[in-house]
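K.L.:
What follows is a structure written as structure tokens; I'll ask about it next.
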């Protein structure tokens, strides 16, 4: 959801900065608002990307031991995923 929001902010900002040519009497500069929205879109996109990549990290552990009673080799595998609490 965050990646789409970042892209949408960037596109809306680009439209305001480059495609809209309206003079509002100096009260509001639409090009500046467009540049601000483009910057915010890039920041939201990058933060969402970092959080998504961080969420997918996992750790796999494999342990091998010999059972003293039977002499069999026992292999135990565990996988730990570092999902955020939210």
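In full-length UniProt numbering, the protein residues as written are 1 to 86.
Ideal Cβ placement from N, Cα and C applies to all residues, glycine included.
Could you say if the segment 4-16 and the segment 36-45 meet the contact criterion of at least three C-beta pairs nearer than 8 Å?
P.N.:
Flag = yes, the segment 4-16 and the segment 36-45 touch.
K.L.:
If you check the beta carbons only, do residue 60 and residue 77 fall under 8 Å apart?
P.N.:
For residue 60 and residue 77, yes; Cβs fall inside 8 Å.
K.L.:
Does the separation of the CB atoms of residue 36 and residue 2 fall below 8 Å?
P.N.:
Taking 8 Å as the Cβ cut-off, residue 36 and residue 2 do not qualify as a contacting pair.
K.L.:
Can you list, in chain order, the stretches of the alpha helix (DSSP H) that have 4 or more residues and sit fully within the UniProt domain "DUF6458" (1-65)?
P.N.:
2-14 and 30-55, all fully within the UniProt domain "DUF6458" (1-65).
K.L.:
Just the C-alpha distance for residue 107 and residue 54, rounded to the nearest angstrom, thanks.
P.N.:
Not covered by the structure: residue 107. The range shown for the chain is 1 to 86.
K.L.:
With a threshold of 6 Å on Cβ separation, who are the neighbours of residue 34 within its own chain once the five nearest residues in sequence on each side are excluded?
P.N.:
Here the set comprises 13, 16 and 17.
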